[in-house]
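The structure appears right after this line, and notes come after that.
2 protein chains.
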Amino acid sequence: MFEQLFKSIQDKVILTQEELELCKTFFIPKKLRKKQVLLQEGDICIYNTFIEKGLLRSFTMDEKGNEHIVQFAIEGWWITDLSSYLTNSTSIYTIEALEDSELLLLTTSAREALMDKIPMFERYQRLLLQNAYIANQARINSALTETAEEKYINLGNTYPGIVKRVPQHMIASYLGLTPETLSRIRKQISLRK
Amino acid sequence: MFEQLFKSIQDKVILTQEELELCKTFFIPKKLRKKQVLLQEGDICIYNTFIEKGLLRSFTMDEKGNEHIVQFAIEGWWITDLSSYLTNSTSIYTIEALEDSELLLLTTSAREALMDKIPMFERYQRLLLQNAYIANQARINSALTETAEEKYINLGNTYPGIVKRVPQHMIASYLGLTPETLSRIRKQISLRK
Chain A
1 MFEQLFKSIQ DKVILTQEEL ELCKTFFIPK KLRKKQVLLQ EGDICIYNTF IEKGLLRSFT
61 MDEKGNEHIV QFAIEGWWIT DLSSYLTNST SIYTIEALED SELLLLTTSA REALMDKIPM
121 FERYQRLLLQ NAYIANQARI NSALTETAEE KYINLGNTYP GIVKRVPQHM IASYLGLTPE
181 TLSRIRKQIS LRK
Chain B
1 MFEQLFKSIQ DKVILTQEEL ELCKTFFIPK KLRKKQVLLQ EGDICIYNTF IEKGLLRSFT
61 MDEKGNEHIV QFAIEGWWIT DLSSYLTNST SIYTIEALED SELLLLTTSA REALMDKIPM
121 FERYQRLLLQ NAYIANQARI NSALTETAEE KYINLGNTYP GIVKRVPQHM IASYLGLTPE
181 TLSRIRKQIS LRK
């Protein structure tokens with residue numbers, strides 16, 4: 001159950017076998033079936049969630065009932081509403097499983113305790129935060145400067161695993177396009193090959 | 001010269017007097033006069049900059065030559081292009097002093113060394129990253145959901161010190177409004193009082 005988590009940690013920092021075993025005790029394992037919800041909009045996001053297996057998405061809904069997908073996450077990734085999680089405020093996002101998934105949940109107090117006990121876990125968390133910040137910034141810049149086609153191609157290059165596993169209308173929602181526009185773009189790309 | 005920095009650190013973590021003295025040796029003090037530039041678009045952002053005194057802004061320029069202000073920062077704050085700083089990539093931002101300013105510069109290698117020597121400095125950096133991430137997320141949500149008037153009022157409530165010290169056309173640029181729209185909004189608000 002902890003294989004992917006240990007890989008994620010040891011890609012960034014060095015922990016002893018003892019420390020890794022200690023880590024285990026702070027996480028709450030949870031399984032979600034496809035379409036089950038981990039976080040409901042309006043609730044406080046009390047878990048930072050590591051994905052051992054499966055695929056989740058976070059999304060927000062506008063007043064007209066249209067979904068806007070904020071993030072996809074697959075095994076080896078973390079997913080949460082970080083603002084809600086860190087500030088204890090209600091979340092504007094829903095997090096839902098798109099495949100049967102195996103998760104490891106970390107509350108804020110468990111996270112604080114882990115960082116106190118294992119300084120290298122704090123470094124791991126800092127490096128995750130840096131990456132999240134950079135990804136967020138890249139997403140903003142992409143929204144401001146790239147054409148629809150560039151956004152689609154870059155998504156496929158950066159996250160090939162996700163594009164293959166997610167229905168096209170969700171890819172469109174993530175990119176801020178209508179399904180029709182995305183379909184037209186994919187046709188144009190395939191004609192050029 | 002280190003008053004504001006020490007206050008910023010000790011608001012978040014506890015450092016010994018020895019550790020604070022050690023901190024000093026890792027920063028490069030620098031003074032900028034009004035309108036002088038700290039980072040030029042196209043360069044790599046090699047400093048994370050703490051502001052002891054003064055006011056700076058970061059902005060990007062579109063193809064038509066219009067400036068888009070990304071951030072203001074006053075004494076007690078950090079300013080940098082975090083993505084460029086952390087990934088060694090060229091920056092799309094320019095950082096410029098809007099008042100005569102006194103700065104403390106931290107290179108990435110000095111930051112790494114400080115975090116290795118003083119674990120609580122790493123915690124301080126993690127907490128700064130968390131706040132930066134949350135502020136970034138709030139900025140995105142505000143852009144997506146708030147009216148122009150709400151944006152202006154919230155900016156004044158959140159950062160009264162900045163609104164008073166910055167020319168109105170720059171406030172407009174930060175909020176993504178034309179100066180004329182902002183002027184109309186301010187008139188409407190003052191009429192209602």
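So the sequences go chain by chain: A and B.
For the first sequence, the UniProt record's numbering gives the first residue as 1, with consecutive numbering after it.
For the second sequence, the UniProt record's numbering gives the first residue as 1, with consecutive numbering after it.
In this text, a Cβ means the ideal position worked out from N, Cα and C, and glycines have one as well.
None of the values given here were measured: they were computed from a predicted structure.
Problem - Neighbourhood of residue 19(B) by C-beta distance below 6 Å, restricted to the same chain and skipping five residues each side - result: Taking the second sequence and counting its residues from 1, one reaches residue 19(B) at position 19. The residues are 118.
Problem - Which listed residue (3(A), 1(A), 11(A), 75(A)) has its alpha carbon closest to that of residue 120(A) - result: Taking the first sequence and counting its residues from 1, the one referred to as residue 120(A) is at position 120. That would be 11(A), whose Cα lies nearest to the Cα of residue 120(A).
Exercise for the section: Taking residue 47(B) as part of the alpha helix (DSSP H), name the residues at either end of that continuous run. Expected result: Within the second sequence, numbered from 1, the residue matching residue 47(B) stands at position 47. Where residue 47(B) is concerned, there is no enclosing alpha helix (DSSP H), although the beta strand (DSSP E) it sits in stretches over 47-53.
Practice task
From the DSSP output, read off the bridge partner residues of residue 67(A).
Solution key: Residue numbering aside, residue 67(A) sits at position 67 when the first sequence is read from its first letter. Beta-bridge pairing links residue 67(A) to 61(A).
Exercise for the section: Could you confirm whether any beta carbon from chain B is found closer than 9 Å to the beta carbon of residue 158(A)? Expected result: Residue numbering aside, residue 158(A) sits at position 158 when the first sequence is read from its first letter. By this cut-off, residue 158(A) is not an interface position.
Practice task
Kindly indicate which residue of 168(B), 91(B), 95(B), 160(B) has the alpha-carbon position closest to the one of residue 38(B).
Solution key: By one-based count along the second sequence, residue 38(B) stands at place 38. The shortest C-alpha separation from residue 38(B) is found at 95(B).
Problem - Own chain, CB closer than 7 Å to residue 105(B), minus 5 neighbours either side, in chain order - result: In the second sequence, the residue the question calls residue 105(B) occupies position 105. Excluding residues within five positions, the ones whose Cβ falls inside 7 Å are 27, 28, 30, 47, 49.
Practice task
Starting from the C-beta of residue 68(B), find all residues in its chain whose C-beta is less than 7 Å away, skip the five residues before and the five after it, and write them out in chain order.
Solution key: The residue labelled residue 68(B) in the question sits at position 68 within the second sequence. For residue 68(B), where only same-chain residues beyond five positions count, the Cβ hits under 7 Å are 59, 60, 62, 173.
Exercise for the section: Out of 86(A), 129(A), 169(A), state which residue places its alpha-carbon closest to the alpha-carbon of residue 109(A). Expected result: Within the first sequence, numbered from 1, the residue matching residue 109(A) stands at position 109. Comparing Cα-Cα distances from residue 109(A) to each of 86(A), 129(A), 169(A), the minimum goes to 86(A).
Exercise for the section: Have a look at 93(A), 65(A), 112(A), 42(A) and flag the residue whose alpha-carbon is nearest the alpha-carbon of residue 57(A). Expected result: The residue given as residue 57(A) occupies position 57 in the first sequence. Checking every option, the nearest Cα to that of residue 57(A) belongs to 93(A).
Problem - Assigned secondary structure, residue 101(A) (DSSP; H/G/I helix, E/B strand, else coil) - result: For this step, residue 101(A) is matched to residue 101 along the first sequence. Of the three classes helix, strand and coil, the one that applies to residue 101(A) here is strand, per DSSP.
Exercise for the section: Would you mind sorting residue 65(B) into buried or exposed? The rule is 16 or more other CB atoms within 10 Å of its CB. Expected result: Taking the first residue of the second sequence as 1, we reach residue 65(B) at position 65. Exposed, by the Cβ-count rule.
Practice task
Determine whether the Cβ of residue 91(B) lies closer than 9 Å to any Cβ atom of chain A.
Solution key: For the purposes of this step, residue 91(B) is taken as residue 91 along the second sequence, with counting starting at 1. Not closer than 9 Å to any Cβ of chain A, the Cβ of residue 91(B) fails to qualify, so no.
Problem - Cβ-based neighbour list, residue 6(A), same chain, cut-off 7 Å, excluding 5 preceding and 5 following - result: Position 6 of the first sequence, counting from 1, holds the residue named residue 6(A). These residues qualify, in order along the chain: 20.
Practice task
Determine the chain A residues that contact residue 58(B) at a beta-carbon separation under 8 Å, and present them in chain order.
Solution key: Mapped onto the second sequence, residue 58(B) falls at position 58. Near residue 58(B) there are no residues of chain A at all, since even the closest Cβ is about 12 Å away, more than 8 Å.
Practice task
Return the bridge partner residues of residue 78(B) from the DSSP annotation.
Solution key: Residue mapping note: residue 78(B) aligns to position 78 of the second sequence, counting from 1. Residue 78(B) is bridged to 50(B).
Exercise for the section: Counting only the same chain and skipping the five closest in sequence on each side, list residues whose C-beta sits under 6 Å from that of residue 111(A). Expected result: Walking along the first sequence from the start, residue 111(A) turns up at place 111. Nothing listed; no residue qualifies.
Handout entry: Buried/exposed call for residue 97(A), threshold 16 Cβ in 10 Å
Key = The residue given as residue 97(A) occupies position 97 in the first sequence. Answer is buried; the Cβ neighbour count reaches 16.
Practice task
Would you give the residue range spanned by the alpha helix (DSSP H) that residue 166(A) belongs to?
Solution key: Position 166 of the first sequence holds residue 166(A). That residue, residue 166(A), is in no alpha helix (DSSP H); it is neither H nor E in DSSP.
Problem - Per-residue contacts from residue 83(B) into chain A (C-beta, under 8 Å) - result: Counting from 1 along the second sequence, the entry for residue 83(B) is found at position 83. Going along chain A in sequence order, the residues near residue 83(B) (Cβ under 8 Å) are 133, 134, 137, 138.
Handout entry: Within chain A, the residues that residue 146(B) reaches when beta carbons sit closer than 9 Å
Key = On the second sequence, position 146 is the one that residue 146(B) refers to. Those within 9 Å of residue 146(B) in chain A number zero; the least Cβ separation is about 13 Å.
Handout entry: Exposed unless 16 or more other CB atoms sit within 10 angstroms - verdict on residue 171(B)
Key = Position 171 of the second sequence holds residue 171(B). So residue 171(B) ends up on the buried side.
Handout entry: Proximity winner among 113(B), 70(B), 99(B), relative to residue 91(B) (alpha-carbon distances)
Key = To locate residue 91(B), count along the second sequence from 1; it is residue 91. With distances taken between Cα atoms, residue 91(B) lies closest to 70(B).
Practice task
Give the interface partners of residue 86(A) over in chain B, defined as CB-CB distance under 7 Å, in chain order.
Solution key: If you number the first sequence from 1, residue 86(A) lands on position 86. Residues of chain B passing the Cβ test: 130, 134.
Handout entry: Buried versus exposed call for residue 89(A) [16 or more other C-beta atoms within 10 Å across all chains shown]
Key = Translated into the one-based positions of the first sequence, residue 89(A) becomes position 89. With fewer than 16 Cβ atoms within 10 Å of its Cβ, residue 89(A) is classed as exposed.
Handout entry: Closer than 8 Å at the beta carbon, the chain B residues around residue 141(A)
Key = For the purposes of this step, residue 141(A) is identified with residue 141 of the first sequence, where counting begins at 1. Result: 92.
Problem - Endpoints, the alpha helix (DSSP H) within which residue 9(A) is located - result: To locate residue 9(A), count along the first sequence from 1; it is residue 9. Element bounds for residue 9(A): 3-10.
Practice task
Select from 79(A), 1(A), 189(A) the residue whose C-alpha is nearest the C-alpha of residue 150(A).
Solution key: Position 150 of the first sequence, counted from the start, is the residue given in the question as residue 150(A). Per the Cα distances, 189(A).
Exercise for the section: Could you pull the start and end residues of the beta strand (DSSP E) that residue 39(A) belongs to? Expected result: By one-based count along the first sequence, residue 39(A) stands at place 39. Counting along the chain, the beta strand (DSSP E) containing residue 39(A) begins and ends at 37-39.
Exercise for the section: Starting from the Cα of residue 81(B), find the closest Cα among 192(A), 13(A), 15(A), 134(A) and give me that residue. Expected result: Position 81 of the second sequence, counted from the first residue, corresponds to residue 81(B). Taking only the C-alpha atoms, the option nearest residue 81(B) is 134(A).
Exercise for the section: Look at the alpha carbon of residue 101(B) and the alpha carbon of residue 53(B), and state the distance between them as a whole number of angstroms. Expected result: As a first step, residue 101(B) is located in the second sequence; it is residue number 101 there, counting from the start. As a first step, residue 53(B) is located in the second sequence; it is residue number 53 there, counting from the start. Spanning the two alpha carbons is a distance of roughly 5 Å.
Exercise for the section: Measure the Cβ-Cβ separation of residue 165(A) and residue 32(A) and say whether it is below 9 Å. Expected result: For the purposes of this step, residue 165(A) is taken as residue 165 along the first sequence, with counting starting at 1. For the purposes of this step, residue 32(A) is taken as residue 32 along the first sequence, with counting starting at 1. No, the pair does not count as a contact, with Cβ atoms beyond the cut-off.
Problem - Residues from the segment 118-129 of chain B in contact with chain A, defined by Cβ distance under 8 Å - result: 119, 122, 123, 125, 126, 129
Problem - Residue from 157(A), 180(A), 158(A) whose Cα sits closest to the Cα of residue 168(A) - result: By 1-based counting over the first sequence, the position of residue 168(A) is 168. Nearest C-alpha to residue 168(A): 180(A).
Practice task
To the nearest angstrom, report how far apart residue 162(A) and residue 156(A) are at their CA atoms.
Solution key: Locating residue 162(A) in the first sequence gives position 162, counting from the first residue. Locating residue 156(A) in the first sequence gives position 156, counting from the first residue. Going by the C-alpha atoms only, they are around 8 Å apart.
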